[in-house]
Amino acid sequence: MIKAMYFANKTCRTCKALWPKVEALMAENNIEVEYVDIDEKMEVAGQMLVFSVPTLVFVDEDNKEITRFYRNFGMHEVQAFVDRYMEIINS
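Going by UniProt numbering, the first residue of the sequence shown is number 1, and it counts up by one from there.
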């Protein structure tokens, strides 16, 4: 199963606006999501090569990146990826 990592910081207004939508979409699809504040967890952000926020990274069981959405992305793009992923694993 995949996991989502949402990278943000406290001063990013877009991050604050997107987070509830990301959280809801992940809950609907039973996908674990982790909120990562890049100011508090710089090492994690560095390991994942996150240089701008918001960034949403999907990883597999081995923590290998599947895809990422960053800066200017819409929830429709994320929804399309999640729908396709769910379709593949359920077929």
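For every residue, glycine included, the Cβ atom is placed at its ideal position computed from N, Cα and C. Bear in mind that the values here come from a model prediction, so they are computed numbers and not experimental data.
For residue j and residue i, the rounded distance between their alpha carbons
i	j	result
CYS15	ILE31	19 Å
VAL22	PRO54	11 Å
ALA24	GLN79	11 Å
ASP39	ILE89	35 Å
ASN29	THR11	28 Å
VAL50	ASP83	24 Å
Among the options, the one whose alpha carbon lies nearest that of residue i
i	options	result
SER52	HIS76, MET42 and GLU61	MET42
Beta-carbon gap between residue i and residue j smaller than 8 Å
i	j	result
VAL33	ALA45	no
ILE2	PHE58	yes
ALA4	MET26	yes
For residue i, three-class secondary structure by DSSP
i	result
LEU56	strand
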